[in-house]
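Chemist:
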Amino acid sequence: MKKFMCLTMTAAIVAMSLAACGSSTESADTETTAAAAEGADTEASEAAEGDAASSDAVFVIGGTGPLTGSTAIYGNAVKNGGQIAVDEINAAGGINGYQVKWIFEDDEADTEKAVNAYNTLKDQGLQMFVGTTTSGSCLAVVPETENDNMFQITPSGTTAEITAADNVYRMCFSDPAQGTKSAEYIGQNGLATKIGVIYDSSDTYSSGIYENFAAEAANQGLEIVGAEAFTADSKTDFRTQLQKLKDAGAELVFLPFYYTEASLVLQQADEMGWAPMFFGCDGMDGILTLEGFDTSLAEGLMLLTPFSADAEDELTQNFVAKYQEDYGEVPNQFAADAYDCLYVIKAAAEEAGITPDMSVSDMCEALKPVMTQIEIDGLTGQGIKFTEDGEPNKAPKAVVIENGAYKSME
Amino acid sequence: MKNKSKAFKQSFTTYALVLAFYLVCEIWLKTGNMSSLMEGLLVPLCYYMILAVSLNIVVGISGELSLGHAGFMCVGAFTGAIFAVTAGAEMPEYLELFIAIILGAAVSAVFGFLIGIPVLRLRGDYLAIVTLAFGEIIKNVINTIYLGVDVEGMHITMKDALSLNLGEGGKTIIKGAQGITGLPRNANFTIGIILVFISLFIVLNLINSRQGRAIMAIRDNRIAAESIGLSVSKYKMMAFVISAALAGVAGVLYAHNLATLQATPKNFGYNMSIMILVFVVLGGIGNIKGSLIAAVILTILPEKLRFLSDYRMLIYAVVLIAMMLFNSAPKAVAFRERLVESISRKNKKEAKEEA
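Listed in order, the protein sequences are those of chains A and B.
Note that our numbering has the first sequence beginning at 304, numbered continuously upward.
Note that our numbering has the second sequence beginning at 10, numbered continuously upward.
1. Could you check the C-alpha separation between D478 of chain A and D640 of chain A for me, to the nearest Å?
2. Nearest to G656 of chain A by CA position, among A:A669, A:Y421, A:A551, is which residue?
3. With DSSP collapsed to three states, give me the class of H265 of chain B.
4. Using three-state DSSP, classify Q491 of chain A as helix, strand or coil.
5. Nearest-angstrom Cα distance between A612 of chain A and N635 of chain A?
6. Just how far apart, CA to CA, sit N230 of chain B and G221 of chain B?
7. Helix, strand or coil: which one does DSSP assign to P695 of chain A?
8. Spell out the partners DSSP gives F407 of chain A in its beta bridges.
9. For T166 of chain B, list the residues DSSP reports as bridge partners.
10. Does DSSP put E73 of chain B in a helix, a strand or coil?
11. Is the beta carbon of G80 of chain B sitting closer than 9 angstroms to the one on F120 of chain B?
12. Could you tell me the boundaries of the beta strand (DSSP E) in which T181 of chain B lies?
13. Roughly how many angstroms lie between the CA atoms of S438 of chain A and A343 of chain B, to the nearest whole one?
14. Helix, strand or coil: how does DSSP classify V617 of chain A here?
15. Using a beta-carbon distance cut-off of less than 8 angstroms, what residues from the region 296-320 of chain B approach chain A?
16. Go through its chain and collect everything with a Cβ distance to A417 of chain A's Cβ below 7 angstroms, but skip five positions before and after it.
17. Classify D585 of chain A as helix, strand or coil using the three-state DSSP reduction.
18. Report all residues from its chain with a CB closer than 6 angstroms to the CB of A90 of chain B; omit the five preceding and five following residues, and keep chain order.
19. Which ranges would you report for the alpha helix (DSSP H) in the region 408-481 of chain A if only whole runs of at least 4 residues count?
20. Is it a yes or a no for the region 495-502 of chain A touching the region 456-475 of chain A, going by three-plus beta-carbon pairs under 8 angstroms?
21. Thinking just about the alpha-carbon of each residue, which of A:L545, A:Y561, A:Y562 is nearest to the one in L555 of chain A?
22. Any contact of the region 28-35 of chain B with the region 167-178 of chain B, i.e. 3+ C-beta pairs under 8 angstroms?
23. In three-state DSSP terms, what is D629 of chain A?
24. Our contact map puts I406 of chain A next to G460 of chain A with C-beta atoms below 8 angstroms; I'd like the distance itself, whole angstroms only.
25. Could you say which of A:G400, A:T457, A:E415, A:K404 lies nearest to F637 of chain A if we only look at CA atoms?
26. Can you list, in chain order, the residues of its chain whose CB lies under 6 angstroms from that of T88 of chain B, leaving out five sequence neighbours each side?
27. On the DSSP letters alone, give me the boundaries of the alpha helix (DSSP H) that A272 of chain B sits inside.
28. Closest to E654 of chain A by C-alpha separation, out of A:M666, A:M453, A:N452, A:A614, would be which residue?
29. Would you kindly work out how many angstroms separate the C-alpha atoms of A9 of chain B and A394 of chain A, rounded to a whole number?
30. Per DSSP, what are the beta-bridge partners of E526 of chain A in this structure?
31. Could you say which of B:V349, B:V289, B:D319 lies nearest to Y57 of chain B if we only look at CA atoms?
32. Spell out whether any CB of chain A is found under 9 angstroms from the CB atom of S63 of chain B.
33. Work out the CA separation of V305 of chain B and L329 of chain B for me, nearest whole Å.
34. Compare the C-beta of S242 of chain B with all C-beta atoms of chain A and state if any pair is closer than 9 angstroms.
35. Looking at chain A, which residues of the region 258-271 of chain B have a Cβ within less than 9 angstroms of any of its Cβ atoms?
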């Protein structure tokens, strides 16, 4: 009897957790199924083309990121952004005359799965690695790539330690850079002196930025009147945190986390009738395209971002148009970072003159010295250069949302 | 006497199975034919096997339901990892791993004991509820802890890394949600398999011992067991603490396999606990050999289904249901028996004809 009870209970629980999985991936699926199918098609046809064009060899560049689960939107953006760059590169004759093959695996934003995904890519002949999308899994994969001496550039892994290995480069800003730059920006422009912070203590990205923000805020003469945390398990109701910050007299609220939660913060602050200044980081990018969000609530929201889909330059506009055509949505900064990563690899590979028949380790050794020499005009900045430590040297753009669109805050 | 030899035979086949698995993998690995993916999966397979075996003690042998096994794994993993980056950093790698495993097992056992004291005295499914809560609490508590060390000793806070007030040369060990980074990756397949053997040795001997029979007697009929003077809570506690300690060992192995350790809902959350329970249920509750096989199949399957991309989890679920039906549905069991019978009858007939 007990055995039976146990069995039925387990069955029920399994069904429940599967149902939960289903619903969370479903919403992502409805948006991406069509896009994914298209992506698969282009990939297949392109692989065939690549084979026909240069039957000898192709560069195999791969990435990993969460394609399922709650952060699937970022992994898919990196996958799609990379695909667009690879399509363009191949159409323009490839790298050093060789076509490029783009492969991507799901790592579910989990450290263990990320290592498995990376190993799967290796089995498919991976030569250069664009990944991982999320910081935590990146930290787990870096020792593996270091071991293999595989050239790695992460589009969006922000944790500072990632680039400690000398084969690893980064396309986005690191947490310290974002936190420090945000505090500097607020301090130097005299936006406010009493700062409240809400951050996700269970997320490395968010708590990393907060820590560095707090450290720099002291230097800038900013007073942090309250720092309220939430966790991934309770990210729907922010009224308590907002009320505390309101009582503490915060003039500006710093929101170093992603836009899905930020949209709720803005909404709930509005319901409370409290309108301080809000300031976000690059994770805030995408708030204007969030479905079901009243963009008027985001009026006056300031954010530091390396990429905005509304930028006037030709490069951005082409990219956005192509992305919308292929995947039916406006690209976010993850897609832009991935796109730039591929062009960084292209520039470095051409500078170093590598060929696909070289071993992975030789390729990495050839690429390392030229990384500090190349200069890229990308979607996420003009004249991007890399430092010895593997960090990109680019200026963040501060934008403010006015009339439902980004406006540069110069 | 006959009973004893049967038990011996069963344990023997279980050991032989693991040994065969080890030899096959080693030969595969040494000849260089193994894919990177499989090579990377070897150590995870070991800790999932240990987890499946350890949960089988609670669910199969003692007949209780634990939904927080990942919590014990988490405790073990963080204990081992903290040791690895502090005192163990200077030690030779095998010694470090050995002490980490002992510590991880001990701390997990203490947590198991603390939870067991009130809960195992109750009847019903309270253990399931409490362990479920324990798993979630442990994960969230670890996510808020900042632990640093300097010349003055350990500093701990739940606020942020700045409030640790570390002195000169101090370093942060646990950085809240960022967890522990820079771990030594001392685990390898051979060590993993040795640990699987040790867990099997402990569990199989427990089952075939006087204490094990007492635990099973309590599971089958509590009143009868009490009437002959068995202490219910003592024996249940024994099973639960051993299970927690083994889960801690698996956690230490987990922490020594990846360079970074974070407590996310993915690796130490509710889903992981259920995953381990699925190993046990699909392998057969109380069936140690079965849970080993289920752990291996269910760990490799999602990786091997990667080519299906987004449909992978869907297919995985279908396979789970199919396996469950094949293992437990009365019709499927009857069909399997008929199949075995017909094969053996055929063999007999052939043998007869040949003779």
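Quick reminder that beta carbons are idealized off the backbone N, C-alpha and C, glycines included.
Modeler: Here's the rundown:
1. 15 angstroms
2. A:A669
3. coil
4. helix
5. 7 angstroms
6. 14 angstroms
7. strand
8. A:G366
9. B:Y155
10. coil
11. yes
12. 180-184
13. 51 angstroms
14. With the sequence shown as reference, residue 617 of chain A is identified as Glu, and Val is not the correct amino acid for it. Looking at E617 of chain A - three-state DSSP - the assignment turns out to be helix.
15. E312, R315, S318, D319
16. T367, D410, T435, S440, A443, V444
17. helix
18. I189, L192, A264, L270
19. 414-426, 438-451
20. no
21. A:L545
22. no
23. helix
24. Contact doesn't hold; Cβ gap of about 19 angstroms is too wide.
25. A:T457
26. L112, G113, V116
27. A272 of chain B -> no alpha helix (DSSP H), and no H or E assigned at all.
28. A:M666
29. Because chain B in this structure spans residues 10 to 364, residue 9 of chain B falls outside the shown range and cannot be described.
30. A:K497
31. B:V289
32. no
33. 13 angstroms
34. no
35. Y263, N266, L267, A268, T269, L270, Q271
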